[in-house]
Amino acid sequence: AHDDEPPYLRGLNAPQREAVLTTDGPVLVLAGAGTGKTAALTARLAHLLYTRRAYPSEILSVTFTNKAAREMRERVRRHVGDAVEGMPWLGTFHAIGAKMLRRHAEAVGLQSNFSILDTDDQLRLLKTLISEASVDEKRFPARSLAGFIDSWKNKGLTPRDLDAGESELYANGKGQQLYQAYQDRLRALNACDFGDLLLHTLTILRTDRAVLEQYQQRFRYIMVDEYQDTNSVQYLWLRLLAQERKNIACVGDDDQSIYSWRGAQVENILKFERDFPGAAVIRLEQNYRSTPHILAAASGVIANNGGRLGKTLWTEHADGEKVKVIGVWDGPEEARRVGTEIEGCQIAGKSLDDIAILVRAQHQTREFEDRFIAIGMPYRIIGGFRFYERAEIRDALAYLRVVAQPADDLAFERIVNVPKRGLGDKAVARLHQLSRALSVPLSEAAARILDTDELTGAARKSLGALVGDFASWRQKANDLPHPELARQLLDESGYTAMLQADRSAEAAGRLENLNELVRAMEEYESLGAFLEHVSLVMDNEGNDGGAKVTIMTIHAAKGLEFDTVFLAGWEEGLFPSQRALDEGGTASLEEERRLAYVAITRARRRAVILHAANRRIYGQWNSSIPSRFVAELPKPHIDEETTMSGGESLWRANWSERADPFADVARGTGRGPGWQRAAGVDLKNPGGSFTTRTFTREPARVKEATRSAVSIGNAG
Ligand code: ATP
Ligand code: MG
């Protein structure tokens, strides 16, 4: 390093420098987690500006999340100061797509002030179109059409591009016709959905030479982070824009491809070298983020995937702590244990900002939130709502509040037409009038209005049904345990059915959240006590800017790093998810394993993995077995601990019970076949996967030891 070299190069290693300084021509940086890909990309941006190779407005720089875009902007600012202000093309694909589309909206029949539809609007529109086409929405739900349209848009397919096979996916071949009708109607409304932000710009670039050339000229340099998670439409869009100058630099890691369910195609990495021949392919091998134990643990797990491009990782960091694996009795204990560990970190002087809890599924956050509220531990939820703020949870709570407290007008208004029961704004306005005139709450006005002739037809009928339902739920509130009341209420109100009819992945998550809500209720004495707890939780939102523990899904944690990371719920059926197990094939299981790799590699100094022997589902205790990923962690790098009295023998008892494939069925816990299949795999030979790999350690030389551990099974 020279003293006079620009600050952004200081400390970068040789291949990172190459990634920064190879400004012209295509560049692909392919490297494992924490090797400084994003750091190199940021330095490259600074370099381009610093050496005046491009004006800020001539660089297109795509990140995966808005948070990542903000961070990159801040890091570049440190090197080039306010020059970064003029970077209109630094952002997510969606943000950049929207900006382009506003400029050329008329080319696809929109005006530049077009609106962007949210999911609810989109569904309402699709429902109308479905009924206009005389398709039975019960058999072919609008949600599934929305899902197909989204996947077509991710593939870069307009209605005209659809082949018969794709069209056949919905309503016996009506897919194409409805997709076309949807696009036409959006145009008439001067609106588009999220998928259109890219699909429309792609269409414009494909059809209007002048516009294409204008952007090809403008973007002297193109950069993409998290390239492994681009989908087809994004890839096609990038390829068009880069084709002229070919100054495109992409960084990514095939082992961190975790969005295939959103159409991401890791094959784009292979296509890159084909579409941009002569691309400089740069490998980064030194990991700057994690300790050798953490790295080796992550590498040991991912080594079980097939078809990897393969890479070597090493670190100069000192060994540090081994990855801790803790077996606890149940979910509440998991939350308590993590709480205690975090208090320990606080005592040791660590900032809560450096600590994260990563979960596989959103609903897992609830137990931690409740615990943290109980012990006054500040936390934030990223990439999602706090549990009790989610729409479906608020809806369910609103029902319960009306049962417990008939005067709760806000709650009543929230659910009077959810699920849809033909009680629109007009009917609600009448209820309000009557409620004011009689000075009674809305739910009471609803009963009284039925004595008048104000409402007729369907509205009258469904309001009558709702009033009757509430009377019956209030009765049940006296007779039934409150979780059972909640369960029946969700069924009888049609709320569960509404989500079941909806086949999207989102709806499945919402149903899980509702299950989790019922589970949470079991921990409280009465409905009143539970609602009291929730209102306290809701009040605890304080955004005081103080340090907080971060709770988020692994998906949302991509690209981030924390000193200490807690990985919760490593159990078969939770992680890997039941869905992945039910699907059977290796593809979904390997994606789960990549998630495990992403999860472990978020940790800088300390990773703690937890699994519980029991999870309570619908009031029934289900024993669970540790995730297969736990068994895949290389033994020399982990420290196992079980907090259960009886320890080992209890585990075994658990396992042998599991080994009976009909045990679940007999007990009526209703797990699907995937669960048992999964159980079978681990049960026959719980430690079996270790025998397939050998980890040669050279204790004297940390660097080498890690290198050898990590490169096994990676022959690409
Ligand atoms: P991921 O695959 O998780 O996105 P990444 O490859 O993008 O990881 P970065 O986030 O860029 O990795 O870097 C990981 C950590 O290493 C960061 O804290 C970064 O500041 C640090 N780092 C990167 N390069 C160097 C370097 N040459 N010297 C010292 N630290 C570095
Ligand atoms: Mg990164």
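Start counting the sequence shown at 1240; every next residue gets the next number (my numbering). For glycine and all other residues, C-beta sits at the position ideal for the given N, C-alpha and C. Predicted, not measured: the structure shown is a model, and the values here were computed from it.
Identity of the residue in Val1788, Met1326, Asp1243 nearest Ile1612 by Cα | Val1788
Alpha carbon to alpha carbon, what distance is there between Leu1438 and Ala1183?
-> Look at the range of the chain in this structure, 1240 to 1955, and you will see that residue 1183 is not part of it.
Output the distance between the C-alpha atoms of Lys1306 and Leu1849, rounded to the nearest integer angstrom.
-> 28 Å
Return yes when at least one heavy atom of the ligand ATP lies under 6 Å from the C-beta of Asn1252, else no.
-> yes
Quick one: does the C-beta of Gly1275 sit closer than 6 Å to a heavy atom of the ligand MG?
-> no
Is Asn1486 buried or exposed, if buried means 16 or more other CB atoms sit within 10 Å of its CB?
-> buried
Compare the C-alpha of Arg1522 against each of Ala1258, Val1804, His1876 and name the closest.
-> Ala1258
Which two residues bound the contiguous beta strand (DSSP E) that contains Ser1383?
-> Premise fails: Ser1383 lies in the alpha helix (DSSP H), 1381-1393, not in any beta strand (DSSP E).
How long is the line joining the alpha carbons of Arg1316 and Leu1444, rounded to whole angstroms?
-> 31 Å
Flag Gly1798 as yes when its Cβ comes closer than 6 Å to any non-hydrogen atom of the ligand MG, and as no otherwise.
-> yes
Between the C-alpha atoms of Tyr1409 and Asn1352, what's the straight-line distance to the nearest angstrom?
-> 32 Å
So is Glu1829 buried or exposed if we call it buried at 16+ other beta carbons inside 10 Å?
-> buried
State whether the region 1500-1511 contacts the region 1467-1477, with contact taken as three or more CB pairs (one from each stretch) at a distance under 8 Å.
-> yes
First and last residue of the beta strand (DSSP E) that includes Phe1801?
-> 1801-1806
How many angstroms separate the CA atom of Thr1695 from the CA atom of Arg1426?
-> 36 Å
Tell me the start and end of each unbroken beta strand (DSSP E) in the region 1646-1722 that is at least 3 residues and wholly inside, in chain order.
-> none
Going by alpha carbons, who is nearest to Ser1556 out of Ser1529, Gly1545, Ile1594?
-> Going by the sequence as given, residue 1556 is His instead of Ser. Comparing Cα positions, the closest option is Ser1529.
Using the C-alpha atoms, what's the distance from Met1791 back to Ser1743?
-> 21 Å
Kindly examine the ligand ATP and report whether one of its heavy atoms sits closer than 6 Å to the Cβ of Tyr1527.
-> yes
Within its chain, find whatever has a CB closer than 6 Å to the CB of Ala1481; leave out the 5 residues flanking it on each side and keep chain order.
-> Ile1461, Ile1487
Proximity to Val1706 [Cα-Cα], best of Ile1654, Leu1753, Gln1739, Asp1664 = Ile1654
Going straight from the alpha carbon of Glu1631 to that of Leu1753, what length do you get?
-> 7 Å
Hey, Leu1477 and Leu1806: beta-carbon distance below 7 Å or not?
-> no
Along the chain, where does the alpha helix (DSSP H) that runs through Leu1219 open and close?
-> Since the displayed the chain opens at 1240 and closes at 1955, residue 1219 lies outside it and no answer follows.
Relative to the ligand GDP, is the shortest distance from any of its heavy atoms to the C-beta of Asp1492 smaller than 6 Å?
-> Looking for the ligand GDP in the displayed structure turns up nothing; the ligands present are the ligand ATP and the ligand MG.
With a threshold of 16 other CB atoms inside 10 Å of the CB of Asp1492, please say whether the residue is buried or exposed.
-> buried
Please report how far the alpha carbon of Asp1592 lies from the alpha carbon of Arg1726, in whole angstroms.
-> 37 Å
Looking at the structure shown, is His1850 part of a helix, part of a strand, or coil, going by DSSP?
-> strand
Is Ala1676 near Leu1702, with beta carbons less than 7 Å apart?
-> no
Excluding sequence positions up to five away, which residues of its chain have a Cβ less than 8 Å from the Cβ of Asn1544?
-> Asp1494, Glu1829, Arg1832, Arg1833
Taking C-alpha atoms, which residue in Asp1375, Phe1458, Gly1578, Ala1635 lies nearest to Tyr1618?
-> Gly1578
Pull up the DSSP beta-bridge partners for Met1462, would you.
-> Ser1300, Ala1488
Residues bridged to Tyr1627 (per DSSP) | Partner(s): none; Tyr1627 has no beta bridge.
Just mark Glu1887 as buried or exposed, buried being the case when its beta carbon has 16 or more other beta carbons within 10 Å.
-> Bear in mind that a pLDDT of 45 at Glu1887, under 50, signals an unreliable position, so the number given afterwards is only what the model happens to contain. Exposed, by the Cβ-count rule.
Buried or exposed: where does Met1296 fall if 16 or more other Cβ atoms within 10 Å of its Cβ makes it buried?
-> According to the sequence as given, residue 1296 is Ser; it is not Met. Answer is exposed; the Cβ neighbour count stays below 16.
In chain order, what residues of the same chain have a beta carbon less than 6 Å from the beta carbon of Arg1854, not counting five sequence neighbours either side?
-> Gly1570, Asn1861, Ser1863
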